[in-house]
Structure formats: C-alpha cells, structure tokens
Amino acid sequence: MSYERVRAVDPEIADALVAERERQNDTLAMIASENHVSEAVLEAQGSELTNKYAEGYPGERYYAGCEHADTVETLAIERAKELWGAEHVNVQPHSGTQANMAVYLAMLDPGDKILSMELEHGGHLSHGHPANFTGQTYEVEQYQVDPETGYIDYDALAAVAEEFDPDIIVSGYSAYPRDIDFERIQAAADTVDAYHLADIAHITGLVAAGVHSSPVGIADFVTGSTHKTIRAGRGGIVMCRDEFADDIDSAVFPGGQGGPLMHNIAGKAVGFKEALQPEFEAYAQQVVDNAKALGERLQEHGFSLVSGGTDNHLVLVDLRESHPDTTGKDAEQALESVGIVLNANTVPGETRSAFNPSGIRAGTAGLATRGFDEDATRTVADLIATVVDDYDDEAVKAEVTDRVAELTDEHPLYE
Ligand code: DSN
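The sequence shown begins at -15 in this note's numbering and counts up one residue at a time.
Below is the structure:
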C-alpha cells in the first residue's frame, strides 16, 4: 500500500502511516500481544465493508444489503469452528475485552462473583481489575502463581474457589509463560458450581495449531483476540457450547455492541483461512521454539525468568536479581532506542509500580512471522542482554542499533 490516496487528502496522516510501516519494518516487534498480519488481511480490513451496517447475525439482519456481509461472517464463523473445534462461535466482538464483557453480561448479574488471576501475576484488566468495569460491577477475588515456582498454584486456586464461592472462574492470561491445565481449573469450577471462562487472547494461534493445550470442550466459554498469535484481522471472538449460543449472541449484540465491524470480520475470515493451512502449524511451533531459545539464552546471560522458562510465545524476565538497579521501564526505553520494542511488565511479588515495574515481557510471534528461527532469536537475546547490561552506554547502543538494522534488513516485512 502506497497511501497515495490518503496523501492526496491528508498528508499528515499519510506521513504517520508511512512512518508506522517503516517503524514496524525497521524494529523488532516483541510486545507479546502483537504480530504482523498478511497483506491479504490488511487488504480485507481496508475494504468497503467498513461502510456497511449489519446489526444482527447472518440471515437475520436489521438492515438491507447484507448479503455479502453474511457471506463474510458465515465464513469467519465456519473457519473458526474448524480451527478451534468449538460448537458455537461469535466473531463480532470488537476486541478481547468486548468478548469477555459479552460472557459476563450473558452469565452474571451485577454483584456476582468473579475469581481470576491477579494482574501482576499475569491476569488482565478485564478479569476484574478495579480500574475496569469488571472490578466496578462484580465482586472479585484473585488467585496467584506460586511465589517459588512461578507456576499457577492450582491447589491454592481450588481452595480460594471453595472459600469465595464464585459464579465464574477466569483462566487465560496476558503474561503467563507456561502451559495451562484447563482441566484442573474446570475441576475447581465444577466443585463450586461456577462457570469457567478461558481467555486465550494471547495463545489463540498456539491453541489452534495444537502447540498449546486447548480449553475448548473443557471450559464453558472461551474468548480470545484474533490479531495476536492467530495473526488474523483485529478484534475478538467468543466460543461456547450450543446451549449458550443465544445468550452469548444477545450479549454481544445488542447487549454490549452495536453494528459489527464487518471489515475486521473480513480480516478475521482471511486470517483464519491462512491459519487453516498446514504452514501455520509450523509457524506456531517456530513461535514456541523461538521463545524457548530466547529464554534459554537470556538465562545464559544471567537473567532470571519467571517460572524458569516458557512453554508458549513469551518470556517474563524479572530484573530484580540480575539487575537490581534497573527497572522494567529503564530496560524498555533503552531497548526501544535500539529498535527492540517490548514492554515493561509487572512480575509476581512486584515491589515497584505498575507504571515502572521490575520486569520485561517479550514475545516471539512477530519475529517468527518475519522468518526468525532459533539462531536469529538467540542473537536477539544477546542484543537484549548487551543493552540491558549497559543501558547508559551510547556507544554500546549505537552498535546494537546497527545490528538490529542488519537483522530487520535480512527479514523484511511487507514488500
Ligand atoms: N494489551 C494486551 C497485552 O499486551 O497483553 C492485552 O489486551
């Protein structure tokens, strides 16, 4: 895309779009929730469907002229069912948070009880944080990872569930590097007769490819976002058994949203088709292999990883032992200045603040999309270590900047 037509109308925005494309091409996107969709997905998201209102669902719309919207949404749903093996799928949520909101709206009343993972242990704002509508609407209790191992403490979770008696237990996380035993969480939910919502926003692609355990068929509700490891159009998705289909559909529309973003649903459909191809499994495996390589090499450099490693697409580094005077923000900013873009993140047992926490989170989905293998990822780990060890040294950072430029040149993004 040249953005020529944007430029003719609005040169300031054209400049920003071109600059963003260059930024993405010239830096290493290691924010664990980000990825690079294909040009086919980009084109679908930029299509004329942005003009169309299609309130309702395929075959049952509130407006005329929805025949092509119906085709697109039906294909997105069918492909999602095939990818994840769900009985019922709603592809209309505008984001992962909206997908979670639909489940809460459908199944809970204000004041009902949510049991979820604490944010600084890897949870998400939409799982009950006081700053989010969930924390303001429902009564929330939280579980944690084991402080020694960094793994979910399933026994403690079950004990808190028995004591708190929640209406819903939320699993699925934003900064948890290990595989999740959805069956154990389901067992805890069964014991207290609670629903179980598994939010697989981060791991949608890994689950679809079979390189991470799946909660589909175990949890009552599975939500996700569609642009992270699954690499499709931007937005959210809800999956459930047929028995909850009407409740979920009504909670998405008209309960929580108006018209669906049909252009994004087209992007979801295209990305799902790509993910159904055999190459996607190899991609997802590469994401996981690269995360392991990244983690192991960082450990060789003396960094300490929450849980001691990773089973998925991300590593969570706790800087407190190896770099006690370096905050996550110091590391994030120094790394961004050399073209390695990741985020400062809280760690279990956080002793600083959410804004300037003690850890960094790094994901490998974007790098694997642009062709990085384990060796190239180990090189990136070396560069991260070099910068964090000497983040005030401008000469060191200049050298790493050149090396990042070589790596991005070797692995171009969009032609
Ligand atoms: N902001 C996303 C993340 O980085 O994990 C989740 O919504």
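Cβ coordinates follow ideal geometry from the N, Cα and C atoms, glycine included.
State the CB to CB distance for the pair Glu124 and Ile249, rounded to an integer number of angstroms; the pair is presumed to be in contact (CB under 8 Å). The displayed chain sequence assigns Val, not Glu, to residue 124. Actually they are not in contact, since the Cβ atoms of Val124 and Ile249 sit about 31 Å apart, beyond 8 Å.
Distance between Pro341 and Ser198 (C-alpha atoms, nearest Å): 31 Å
Grab the span of the alpha helix (DSSP H) containing Gly347 for me, first residue to last. Counting along the chain, Gly347 falls outside any alpha helix (DSSP H), though it belongs to the beta strand (DSSP E) covering 343 to 347.
Quick one, are the C-beta atoms of Asp163 and Asn274 less than 8 Å apart? A distance of 8 Å or more separates the beta carbons of Asp163 and Asn274.
In this structure, how does DSSP classify Ile400 when only helix, strand and coil are distinguished? Any property of residue 400 remains undetermined from this structure, which presents the chain solely from -15 to 399.
Assign Gln261 to one of three DSSP states: helix, strand, or coil. Coil at Gln261, not helix or strand.
Got a sec: is the Cβ-Cβ distance from Tyr(-13) to anything in chain C below 8 Å? The chain labelled as chain C is not found in the depicted structure, where only one protein chain is given.
Contact belief for Pro131 with Leu298 at Cβ below 8 Å, rounded distance in angstroms: Wrong, their Cβ atoms sit about 20 Å apart, outside the cutoff.
What three-state label does DSSP hand Ser79 in the structure shown? coil
Can you say whether Gln270 is buried or exposed, counting buried as having 16 or more other CB atoms within 10 angstroms of its CB? buried
Which residues bound the beta strand (DSSP E) around Ile221? 220 to 224
For His211 and Met101, the rounded distance between their alpha carbons: 23 Å
Distance check for Ala48 and Phe287, CA to CA, integer angstroms please. 58 Å
Tell me whether the beta-carbon of Glu334 lies closer than 8 Å to the beta-carbon of Leu326. no
Can you tell me where the alpha helix (DSSP H) with Phe117 in it begins and where it stops? Looking at the DSSP string, the run of the alpha helix (DSSP H) that includes Phe117 is 117 to 121.
Pocket of the ligand DSN (residues with CB nearer than 5 Å to any heavy atom), chain order: Answer in sequence order: Ser17, Ser158.
Checking the sheet assignment: what are the DSSP bridge partners for Asn9? According to DSSP, Asn9 bridges with nothing at all.
For the putative contact between Gly350 and Met14, defined by C-beta atoms under 8 Å, what is the C-beta separation to the nearest angstrom? 7 Å
My assumption, with CB atoms under 8 Å, is that Ile368 sits in contact with Leu282. Please give the rounded CB distance. 7 Å
Is the segment 86 to 95 touching the segment 227 to 247, taking contact as three or more C-beta pairs under 8 Å? yes
Where do the ends of the beta strand (DSSP E) carrying Gly208 lie? Residues 205 to 209.
Does Gln120 pass the burial test, meaning 16 or more other C-beta atoms within 10 Å, or should it be called exposed? exposed
What does Gln126 pair with, by DSSP beta-bridge criteria? Ser100
DSSP bridge partner residues for His72 (one or two, in chain order): Cys224
I'd like to know whether the C-beta atoms of Ala328 and Gly312 end up nearer to each other than 8 Å. yes
In terms of alpha-carbon separation, which member of Tyr122, Gly80, Asp93 lies closest to Thr188? Gly80
Check each candidate in Glu284, Thr133, Glu390 and name the one with the smallest Cα separation from Arg362. Glu284
May I ask you to verify whether the segment 382 to 394 touches the segment 239 to 248, counting CB pairs closer than 8 Å and requiring at least 3? no
Under a three-way DSSP split, which group does Ile202 fall into? Three-state DSSP puts Ile202 in coil, outside helix and strand.
Using the three-state DSSP reduction, which class does His180 fall into: helix, strand or coil? strand
DSSP state of Asn19, grouped into three classes? In the structure shown, Asn19 sits in coil (DSSP, three-state: anything other than H, G, I, E or B).
Beta-carbon proximity of Val372 to His307, cut-off 8 Å: Yes, the pair counts as a contact, with Cβ atoms nearer than the cut-off.
State the beta-bridge partners of Gly40 as determined by DSSP. Arg45
Just to check my reading of the structure: Val364 and Leu278 have Cβ atoms closer than 8 Å, yes? What is that Cβ distance to the nearest angstrom? 7 Å
Alpha carbon to alpha carbon, how far is Glu(-12) from Ala0? Rounded to whole angstroms, Glu(-12) to Ala0 spans 13 Å at the Cα level.
I believe Gly292 touches Gly134 by the beta-carbon criterion, under 8 Å. Please report the beta-carbon distance rounded to the nearest angstrom. 7 Å
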